[in-house]
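Position one of the sequence shown corresponds to residue 9 (the working numbering), numbered consecutively onward. Notes to accompany the following structure.
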Amino acid sequence: MRGLPPPATDSQEDKQRYADAVGKLLRDFKDPATGELAFTTLKQKNDMIQRTLEQIDEHSPLHTALLTSLVSNMGIGSMMTQWMQDAIMSGGVPKEMEDW
């Protein structure tokens, strides 16, 4: 990730493109020893992001991009938890399946 060029400008669009590129690197990162995806759970990914955030300058573009990925992952985790709660409370049939 540190080899990724920083945003070309300070514009929101360039910052978002950079954050998207960092997110893609995180999703696609493979363990060099096995060739398998290195982070298969949100917890693994979030733990790695938090460790990395502790090691880099908080004013760097990479810090902002990693923080964006962390917040996104937390949102995904929250949505998954809500969906699972809805499925359990509905007797195993989530709301979006009722119309089928």
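All C-beta atoms, glycine included, are put in the ideal place defined by N, C-alpha and C.
Let me know if residue i comes out buried or exposed under the rule of 16 or more other beta-carbons within 10 Å of its beta-carbon.
| i | result |
| --- | --- |
| A27 | buried |
| I77 | Ile is not the amino acid found at residue 77; the sequence shown has Ser there. Burial call: buried. |
I need the boundaries of the alpha helix (DSSP H) containing residue i, first residue and last residue.
| i | result |
| --- | --- |
| T60 | L50 to Q63 |
| A29 | Q20 to D36 |
Going by DSSP in three states, residue i sits in which element: helix, strand or coil?
| i | result |
| --- | --- |
| L75 | helix |
| L70 | helix |
So who's on the other strand from residue i, going by DSSP bridges?
| i | result |
| --- | --- |
| L12 | L12 pairs with nothing; no bridge assigned. |
Between residue i and residue j, which are expected to be in contact by the criterion C-beta below 8 Å, what is the C-beta distance as a whole number of angstroms?
| i | j | result |
| --- | --- | --- |
| P13 | D22 | The Cβ separation is near 11 Å, so there is no contact. |
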